[in-house]
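Under this note's numbering, think of the first position of the sequence shown as 1454, with each following residue one higher.
By construction, the Cβ of each residue, glycine as well, lies at the ideal position given by its N, Cα and C atoms.
Below is one structure, written out as structure tokens; the observations come after it.
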Amino acid sequence: MSAATVTSDYKITLPKELRESMHLQPGQEFELIQNGAGIQMIPKLTAEQLKAAVAEGLTCGSGIPADEVFDRLEDKYRKLASGK
């Protein structure tokens, strides 16, 4: 597990091994979701990029089923679109 520190201007630098393993690029945007006492960071991707990333992740071991991820994201964006 990696660790990071929030700076005085509320910035966090992701550890190098995490950036490299996730193929992150400067300027890449993320969705941030509060999850209890934690924060989930989900890269903003096109639907096709997201499907490919989820499919690739399915071979990496146990995780959240792709349908559940898509359902959560669809619900989130419907709520945003309706102003709720």
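Secondary structure within the stretch 1490-1514: the alpha helix (DSSP H) runs of 4 or more consecutive residues, fully enclosed, are 1500-1511 (chain order).
According to DSSP, F1483 shares a beta bridge with P1496. Within the same chain, and ignoring the five residues on either side of T1466 in sequence, the residues whose Cβ sits closer than 7 Å to its Cβ are A1457. For D1520, the enclosing alpha helix (DSSP H) covers residues A1519 to S1535.
A Cβ-Cβ distance of about 12 Å is found for the pair L1498 and A1508, leaving them out of contact under the 8 Å criterion. Beta-carbon to beta-carbon, Q1478 and I1486 are separated by about 21 Å, too far to satisfy the 8 Å threshold.
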